[in-house]
Amino acid sequence: MTWLSRLIPGAHPPVQLAPEIRARLDAWRKLPETALTSQHAETRYVIVNTEASGLDLSKDRLLSVAAIAIEGGLIDPKLAFYQSLEPDPADALTGLLEFIGNSPIVVFNAGFNKRVILNAIERVLDVEPELHCIDLYWLLPALFAERGQSASKLTDWMNALRIETFQRHHALGDGYAIAQLFLATQARGRLLGHSTPQALIELEHARQRLKRPL
Amino acid sequence: MTTATETLVGASADFLKRFSPFDQMEPEALDYLSERVLLGFFSKGATILSAEMGQPRHFYIIQRGKVQASQSGDVALTEYASMTLGPGECFPIGAISAGRPSTNTYMALEDSFCFQLPADDFMALMRISPVFHVFCTQYIASLLSQSRQQLQSTFSQRAAEQQTMTTPLGHLIKRDPIFVTPDTSTRSALEKMNEMRIGCMVVADADARPVGILTQSDLLSRIVLPAFDLSRPISDVMTPAPQVLQMTATAYDAALEMATHARRHLLVVDSDDKLRGVVSERDLFSLQRIGLRQIRASIEGADDIESLQHASRDIRQLALNLIAQGIGSEQLTRFISALNDALTRRIITLELGRHELFGVQFCWLAFGSEGRHEQTLSTDQDNGIIFSAPEGERDAIKQKLLAFAKDANDALAACGFPLCKGNIMASNPELCLTLEEWKRRFGAWIREPDPQALLNASIFFDFRVLFGSEKIGDQLRRWLLETARGNSTFLRMMAQNALAVAPPLGRFRDFVVEDDGMIDLKKSGARLFVDVARILSLRSGVEASSTVGRLRQSGQRANMAEEELDAITDGFHFIQLLRLRSQHLDTEHDAPGDNKIDPDTLNELDRRILKEAFRQARKLQLRLKLDYQL
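Right under this line is the structure:
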């Protein structure tokens, strides 16, 4: 699996990008592939979260993106990103890609979050990046079975692990809650022997297969 | 700062502001903190910090969850063996400010989130924020008081008695004050004394402010024998300007006053200086059989060396009792000093009776720790004489003084003050000098501060008049302060000398010990404070001779924060207390007291405080270093 994104000849008309944006995207593409086998403490993870006008992928628009990096198992407020798509969606999304760099990303409910971001990136930047994605929606029940039998929504998990944030339903506010959930995930994963990004991804996939109707 | 960072920083600040001391913190300090804290997570049962992890890299503030602090080692040393910390509480304070491994183990009792501040940022925050600084230093002070409490419980059988000696005098007053005005006739004042069955009569003005006192013991010499006319006003026969103490002063203070000034009654006044009552020695003795006054009386009444030797043993015993009761080192050394002064004065008085020195103007000086009122139980005598003599008679008078001093030194030695090995004694012709000669000698040390001169200065500049003309001593003091103050080279050399010994703090181990595994609490403990204090006092013209007095007065002049000064003096007192305690324990085993201590025999709490105390010494030295660019 290659980290480098590829350009997909889209159905839509070719996107006109400012030369400055192009240069930034090129630089981003040249990043080396990340190792998924390093320990959590040596891995930079990036929590990604979005705010959209609604929950319908076909008609709702992405409003803003937020990202929080986790390095050495710690949340550092200096390593955070937040931007509205307006007035310059290309700049916002390029900024997000740059902030993510080559790190594995962590989302809650990737089915929606990941899709909405990728759609926007594809539409605006004409790029389809391949991101290593860890979805806490699947991972948390696998790691905290005793806590969240009935938990599925972000609110449920925040209550189960007694996590608070400064503002709900805001890309960065919820992102901060997800980041704290991920700190707990790392610690728990380490205890149970899932101590690398690769191991978390595998655990998540196993869980998805288990739950998905055959 | 990006918008996202600002938002997250704001969220941390909002959280921190809900807790003390962060709610009191200066806005810019809170910003500094919120920008730098990292959020981490610890699973239930995880060890967050322990001694094995070495010097802590972070200061932790619990954001959510519970953390248990438990003491390493097998004995519970503070009130808590383990303590649970919750949101807003922080750790480790002592360890991180001292840069040494934590003595507690911190474990997450449940899944917990902690804000973590890197150690360097913690130190910077202490500098930026006075509020945070106070918070951390008070924490150290609270350790000190825990240690004192612990000491008391070690000697628990005495703890109950001890408590009563800290009673405020206001609580000891048994009845409304009885007094007469100055124009009252002596007869009616005496009648009133008789009627009320009181041992003394207070004379106060119309506003009830005391102006004099007449006690029973004055009656014979002032009234009966001279056949004093009883119709005359009592103001003609009273002792004016009587000793007063505030209501808030403690029984200890009163006992000390009585011992120092040989009084049997003390007047207690309120904050308005109005008479509120009289406290007698009997009131104090009914609290506790200290025997302070008895010792004092036995010294005053002693006619020979033998009875003084007895008094000297009593002083020692008293000091041991007081240590056992957990009395602080400051009061303790003042007690010892006051009684030793009385003993020395009595010895001098007795020796004067056997030597023909009538009309000779002189004063007896105490040097070194005695000069600073900081004697411990094993202090050599360090003394000297200033005298004045008309031209031509100087040599003859000096010979007489030397003969007298020789006997006084021997008598002091017989009473438990060992002869000085370095011959710093009044019987040494080099130390029995006129005022001019002393000035020349001090002046030479100041002008040419070679190592020997600096050593001499550190002993002799701490002089105090113990007997005789205070005036000569004051003259020498004023001259010294003026001369030293104007000589920055000398002060700089003194500073260099004072910095030659560093506090025995180890980088890897708690303490750096000497070859025998011991720490010398005098040489590498108390002296660090004493030396810096001397320089500060010389530099700022402070006349106080005690180390704490010097630090306080010169610190105030230099605008040092009150809390900072408290922390420093607490550190000094703790080291002095350890010295006294080790001497105390040694003496009970009949070994000569010395100043060495094996840090491994200290309990965990005392080790912690000792480290903090040394750290305060280091801070004090650093200040000097910066001042003189050394």
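If you read the protein sequences in the order shown, they are chains A and B. Following our numbering, the numbering of the first sequence begins with 1 at its first residue and continues without gaps. Following our numbering, the numbering of the second sequence begins with 1001 at its first residue and continues without gaps. Every residue gets a Cβ at the ideal spot worked out from N, C-alpha and C, and that includes glycine. The structure displayed is predicted, hence computed values, not measured ones.
Within the same chain, show all residues whose beta-carbon is closer than 6 angstroms to that of residue i, passing over the 5 residues directly before and after it, in chain order.
{"i": "valine 1501 of chain B", "result": "Ser1524"}
{"i": "alanine 80 of chain A", "result": "Ile68"}
{"i": "alanine 18 of chain A", "result": "none"}
{"i": "alanine 1668 of chain B", "result": "Limits of chain B in this structure are 1001 at one end and 1630 at the other, which puts residue 1668 of chain B out of reach."}
{"i": "leucine 131 of chain A", "result": "Ile105"}
{"i": "glycine 1088 of chain B", "result": "Phe1019"}
{"i": "threonine 1260 of chain B", "result": "Ala1338"}
{"i": "arginine 1354 of chain B", "result": "none"}
{"i": "leucine 1481 of chain B", "result": "Gly1541"}
How would you write the range of the beta strand (DSSP E) that residue i sits in, first residue to last?
{"i": "aspartate 76 of chain A", "result": "74-84"}
{"i": "valine 1203 of chain B", "result": "1200-1204"}
{"i": "arginine 1064 of chain B", "result": "1058-1064"}
{"i": "asparagine 1595 of chain B", "result": "From DSSP, asparagine 1595 of chain B is part of no beta strand (DSSP E); its letter is neither H nor E."}
{"i": "glutamate 42 of chain A", "result": "Note, glutamate 42 of chain A: premise wrong, no beta strand (DSSP E); not H, not E."}
{"i": "arginine 1464 of chain B", "result": "1464-1468"}
{"i": "glutamine 1629 of chain B", "result": "No beta strand (DSSP E) holds glutamine 1629 of chain B; DSSP gives it neither H nor E."}
{"i": "phenylalanine 99 of chain A", "result": "Counting along the chain, phenylalanine 99 of chain A falls outside any beta strand (DSSP E), though it belongs to the alpha helix (DSSP H) covering 89-100."}
{"i": "methionine 1107 of chain B", "result": "1104-1108"}
{"i": "leucine 1339 of chain B", "result": "Where leucine 1339 of chain B is concerned, there is no enclosing beta strand (DSSP E), although the alpha helix (DSSP H) it sits in stretches over 1329-1353."}
{"i": "asparagine 1383 of chain B", "result": "1383-1388"}
{"i": "glutamate 71 of chain A", "result": "62-71"}
Say yes only if the C-beta of residue i is nearer than 6 angstroms to one or more non-hydrogen atoms of the ligand SAM, and no if none qualify.
{"i": "proline 104 of chain A", "result": "Only the bare structure without any ligand can be found here, which leaves the ligand SAM out of the picture."}
In the DSSP assignment, the alpha helix (DSSP H) including residue i goes from what residue to what residue?
{"i": "phenylalanine 1490 of chain B", "result": "1488-1498"}
{"i": "glycine 1371 of chain B", "result": "1368-1371"}
{"i": "histidine 1265 of chain B", "result": "No alpha helix (DSSP H) contains histidine 1265 of chain B, which is instead part of the beta strand (DSSP E) from 1265-1269."}
{"i": "glutamate 1437 of chain B", "result": "1435-1447"}
{"i": "asparagine 1409 of chain B", "result": "1394-1414"}
{"i": "arginine 1557 of chain B", "result": "1547-1557"}
{"i": "glutamine 1452 of chain B", "result": "1451-1460"}
{"i": "alanine 23 of chain A", "result": "19-29"}
{"i": "isoleucine 1535 of chain B", "result": "1527-1540"}
{"i": "glutamine 1246 of chain B", "result": "No alpha helix (DSSP H) contains glutamine 1246 of chain B, which is instead part of the beta strand (DSSP E) from 1244-1246."}
{"i": "threonine 1215 of chain B", "result": "Element bounds for threonine 1215 of chain B: not the alpha helix (DSSP H) but the beta strand (DSSP E), 1210-1215."}
{"i": "leucine 1256 of chain B", "result": "1251-1261"}
{"i": "arginine 1187 of chain B", "result": "1186-1196"}
Taking 7 angstroms as the limit between beta carbons, can you name the residues of its chain near residue i, skipping five residues before and five after?
{"i": "arginine 1477 of chain B", "result": "Glu1543"}
{"i": "tryptophan 3 of chain A", "result": "Unreliable positioning characterises tryptophan 3 of chain A in this predicted model, as indicated by a pLDDT of 33, which lies under 50. A coordinate reading is not provided."}
{"i": "aspartate 1462 of chain B", "result": "Phe1367, Gly1368, Gly1371, Arg1372, Arg1534 and Ser1545"}
{"i": "phenylalanine 1132 of chain B", "result": "Pro1021, Met1025, Ala1029, Leu1125 and Met1126"}
{"i": "alanine 206 of chain A", "result": "none"}
{"i": "methionine 1238 of chain B", "result": "Val1203, Gly1212, Ile1213 and Leu1214"}
{"i": "isoleucine 1597 of chain B", "result": "Met1518, Ile1519, Leu1521, Leu1578 and Ser1582"}
{"i": "leucine 1435 of chain B", "result": "Ile1386, Ser1388, Ile1472, Gln1475 and Leu1476"}
How many whole angstroms separate the CB atoms of residue i and residue j, which I take to be in contact at a CB cut-off of 8 angstroms?
{"i": "serine 1298 of chain B", "j": "alanine 1311 of chain B", "result": "5 angstroms"}
{"i": "leucine 1332 of chain B", "j": "leucine 1322 of chain B", "result": "5 angstroms"}
{"i": "leucine 1214 of chain B", "j": "methionine 1196 of chain B", "result": "Not confirmed; about 13 angstroms, so no contact."}
{"i": "alanine 90 of chain A", "j": "valine 124 of chain A", "result": "5 angstroms"}
{"i": "arginine 1527 of chain B", "j": "serine 1540 of chain B", "result": "Between serine 1540 of chain B and arginine 1527 of chain B the Cβ distance is about 20 angstroms, and since that is not below 8 angstroms, they are no contact."}
{"i": "methionine 1425 of chain B", "j": "leucine 1433 of chain B", "result": "Not really, about 13 angstroms apart at Cβ, beyond 8 angstroms."}
{"i": "leucine 25 of chain A", "j": "valine 127 of chain A", "result": "7 angstroms"}
{"i": "aspartate 1270 of chain B", "j": "methionine 1247 of chain B", "result": "6 angstroms"}
{"i": "arginine 1579 of chain B", "j": "lysine 1619 of chain B", "result": "About 21 angstroms; that fails the 8 angstroms criterion."}
{"i": "valine 1532 of chain B", "j": "leucine 1624 of chain B", "result": "5 angstroms"}
{"i": "isoleucine 1234 of chain B", "j": "alanine 1189 of chain B", "result": "5 angstroms"}
Excluding the 5 residues flanking residue i on each side, which residues of the same chain have their C-beta closer than 8 angstroms to its C-beta?
{"i": "alanine 1444 of chain B", "result": "Ala1453"}
{"i": "serine 1034 of chain B", "result": "Val1009, Gly1010, Ser1012, Ala1013 and Leu1016"}
{"i": "glutamine 1309 of chain B", "result": "Ala1414, Cys1415 and Gly1416"}
{"i": "aspartate 1627 of chain B", "result": "Ala1495"}
{"i": "lysine 1398 of chain B", "result": "Phe1387, Ala1389, Pro1429 and Cys1432"}
{"i": "isoleucine 21 of chain A", "result": "Ala90, Asp91, Thr94 and Leu125"}
With three or more C-beta pairs closer than 8 angstroms as the rule, is the region 1046-1064 of chain B touching the region 194-205 of chain A? By the Cβ rule, the region 194-205 of chain A does not count as touching the region 1046-1064 of chain B, because fewer than three pairs are nearer than 8 angstroms.
Is the region 1367-1380 of chain B touching the region 1401-1410 of chain B in the sense that three or more CB pairs, one from each, lie closer than 8 angstroms? The answer is no - the region 1367-1380 of chain B does not touch the region 1401-1410 of chain B, with fewer than three Cβ pairs under 8 angstroms.
Can we say the region 1349-1365 of chain B touches the region 1375-1394 of chain B, given the rule of at least three CB pairs closer than 8 angstroms? yes
As an exercise, report each continuous beta strand (DSSP E) stretch of at least 3 residues that is fully enclosed by the region 1004-1052 of chain B, in chain order. Fully enclosed beta strand (DSSP E) runs of 3 or longer: 1038-1042 and 1047-1049.
Touch test, the region 1062-1073 of chain B against the region 1101-1116 of chain B, Cβ-Cβ under 8 angstroms, three pairs minimum: yes
Alpha helix (DSSP H) runs wholly inside the region 159-202 of chain A, at least 4 long, in chain order: Counting whole runs of 4 or more residues, the region 159-202 of chain A contains the alpha helix (DSSP H) stretches 171-191.
Where in the region 101-146 of chain A do unbroken runs of the beta strand (DSSP E), each at least 3 residues long, occur, reported from the N-terminal end onward? 105-107 and 133-135
Three or more beta-carbon pairs under 8 angstroms between the region 91-101 of chain A and the region 164-180 of chain A, yes or no? Verdict: no, contact absent.
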